[in-house]
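Residue numbers (my numbering), protein chains in the order written: chain A, 10 to 204; chain B, 10 to 204.
Structure record follows, encoded as structure tokens.
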DNA sequence: CGTCTATTTGAATGTACTCAAAAGCGGTGG
DNA sequence: CCACCGCTTTTGAGTACATTCAAATAGACG
């Protein structure tokens, strides 16, 4: 059975047997333990990491050590600091495993090589970026349009699985509120649903 | 002299004379007057619009009619609802000219045709999306990490030209604050710089 | 000019934050 | 397997950042 990384690509472009094994030759499998870092800010993000299993967070750290989660990467999604990966500048973001996870990595140099050798991969990556940008635009809209409670509601709808897999602290950080306040929102919610 | 749309493409991929005229054959030039709409929410975004001159806003409209500006499109940048353009679903966003503007449009059908006929355009569009996504990720980080005053400061740094071209009301909408509060922030700023 | 919209300013209000303390939960080692 | 330690969650009181509403002023446009 082919690697799920390959299956992901084949959703958008079809590959020959040779191309598949060529791509697979670049993949490095890696296991991460919960709380293990994949990328520390200021390092260069040299790898694109496809998530086979588990869940990572991509985040920045503020003045007082608070984490600001830019996005979550779960199964069949990607973890990288795009800017650093492309430009080889020091990373803006940190990446850390939130569960024991398994990933498949390809280095930025090998990635460029692949795009040059198999140009149709440009299409696949273009579509990947397209989807990420659409999600990112929606996130901006939500942050501009909705209050904390509404954003929490939308989050629960969009990531029903994450709701239980990760701590409220992490969810609060993603929503842009304090964990204390999220706790209060949840308490309210019960009150209005139980009577 | 070649169209600046073409020049933009050639920053990333080189084109033959034939390819250039093929691309140009699809471009429709259009002039917009200030406050003219390019896209109304719920319509389908059938065109990718390259901004030759002027400035547009891409935004949503909330419950009470407030505008939430997702991004500004200025010279040498793009205006479209990406999701609607790709999927042909009704648009999430509105697009409106903030100044008299000149744009060059290509329809989504012709765009797909171009990508198929000139595959190296995939690379150009991939890079365009890459840059947009990087900017979008930074915007999310700013909204999570910074308070209103800091976001205003960053905005002024990033778009020094816009600061004077558009109304404070629009800037406030982009920053996610009320125009009244932005006015107060600016008043404070003078106080601390004048003494 | 006159009208319409944008900006400024102030007072009252609200949403979300800080700080602190208590309770809950999960993992680890004896 | 239980006890303990550290971290997360809950709860409450006080506070701060930002909003709402209102009214006055200033600017822009036909």
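Idealized CB from N, CA, C, for every residue including glycine.
Item                                                                                                                                                                            : Value
Can you have a look at residue 173 of chain B and say buried or exposed, based on whether 16 or more other CB atoms are within 10 angstroms of its CB?                          : exposed
Which same chain residues, not among the five before or five after residue 35 of chain B, have their C-beta less than 7 Å away from its C-beta?                                 : 115, 119 and 123
With a cut-off of 8 Å on the beta carbons, I'd call residue 70 of chain A and residue 88 of chain A a contact; round off their distance for me.                                 : In fact, because the Cβ distance is near 17 Å, the residues do not count as touching under 8 Å.
Give the straight-line distance between the Cα atoms of residue 56 of chain B and residue 94 of chain B, rounded to the nearest whole angstrom.                                 : 7 Å
Strictly below 7 Å CB to CB, what residues from chain B border residue 77 of chain A?                                                                                           : 150, 153 and 154
Using a 10 Å radius around the Cβ and a threshold of 16 neighbouring Cβ atoms, would you call residue 90 of chain B buried or exposed?                                          : buried
Looking only at its chain, what residues have a beta carbon closer than 6 Å to the beta carbon of residue 18 of chain B, apart from the 5 residues adjacent to it on each side? : 133
Can you confirm whether residue 145 of chain A, when its beta carbon is compared against all beta carbons of chain B, has any partner nearer than 8 Å?                          : yes
Buried or exposed: which applies to residue 40 of chain B, given that a residue is buried once 16 or more other Cβ atoms fall within 10 Å of its Cβ?                            : exposed
Check the Cβ of residue 139 of chain A against every Cβ in chain B and list those closer than 7 Å, keeping chain order.                                                         : 91, 95 and 138
Buried or exposed for residue 75 of chain A, please, with buried defined as at least 16 other CB atoms from any protein chain shown within 10 angstroms of its CB.              : exposed
Quick one, are the C-beta atoms of residue 184 of chain A and residue 164 of chain A less than 8 Å apart?                                                                       : yes
Below 7 Å between beta carbons is the criterion; list the residues of the segment 156-176 of chain B that meet it against any residue of chain A, in chain order.               : none
At which residue ranges does the segment 16-99 of chain A contain complete beta strand (DSSP E) runs of 3 or more residues, listed in the order of the chain?                   : 37-41, 46-48, 56-62, 64-70 and 76-83
Specify the secondary structure class of residue 116 of chain A as computed by DSSP and reduced to three states.                                                                : strand
Where do the ends of the alpha helix (DSSP H) carrying residue 175 of chain B lie?                                                                                              : Residue 175 of chain B -> no alpha helix (DSSP H), and no H or E assigned at all.
Excluding sequence positions up to five away, which residues of its chain have a Cβ less than 8 Å from the Cβ of residue 77 of chain A?                                         : 68, 69, 70, 71, 182 and 185
With DSSP collapsed to three states, give me the class of residue 136 of chain A.                                                                                               : helix
Rounded to whole angstroms, what is the Cα-Cα separation between residue 187 of chain B and residue 51 of chain B?                                                              : 26 Å
Going straight from the alpha carbon of residue 190 of chain A to that of residue 177 of chain B, what length do you get?                                                       : 31 Å
Using beta carbons (cut-off 8 Å, strictly below), is residue 57 of chain B in contact with chain A?                                                                             : no
Against chain B, does residue 142 of chain A count as a neighbour if the rule is that its beta carbon must be under 8 Å from one of theirs?                                     : yes
Residue 131 of chain B versus chain A: which residues are under 7 Å apart at the beta carbon?                                                                                   : 131, 132 and 135
Going by C-alpha distance, which of A/100, A/14 and A/33 is nearest residue 60 of chain A?                                                                                      : A/14
So which residues on chain B does residue 71 of chain A lean against when the C-beta distance must stay under 7 Å?                                                              : 154
Say whether chain B places a C-beta atom closer than 8 Å to the C-beta of residue 128 of chain A.                                                                               : yes
Quick check: the segment 98-114 of chain A against the segment 145-164 of chain A, are there 3 or more CB pairs under 8 Å?                                                      : no
Helix or strand or just coil, what does DSSP make of residue 102 of chain B?                                                                                                    : coil
Cβ of residue 185 of chain B less than 8 Å from any chain A Cβ?                                                                                                                 : yes
Alpha carbon to alpha carbon, how far is residue 204 of chain B from residue 196 of chain B?                                                                                    : With a pLDDT of 36 at residue 204 of chain B, under the threshold of 50, the modelled position of that residue is not reliable, and the figure given next carries that caveat. For residue 204 of chain B and residue 196 of chain B, the distance between alpha carbons rounds to 13 Å.
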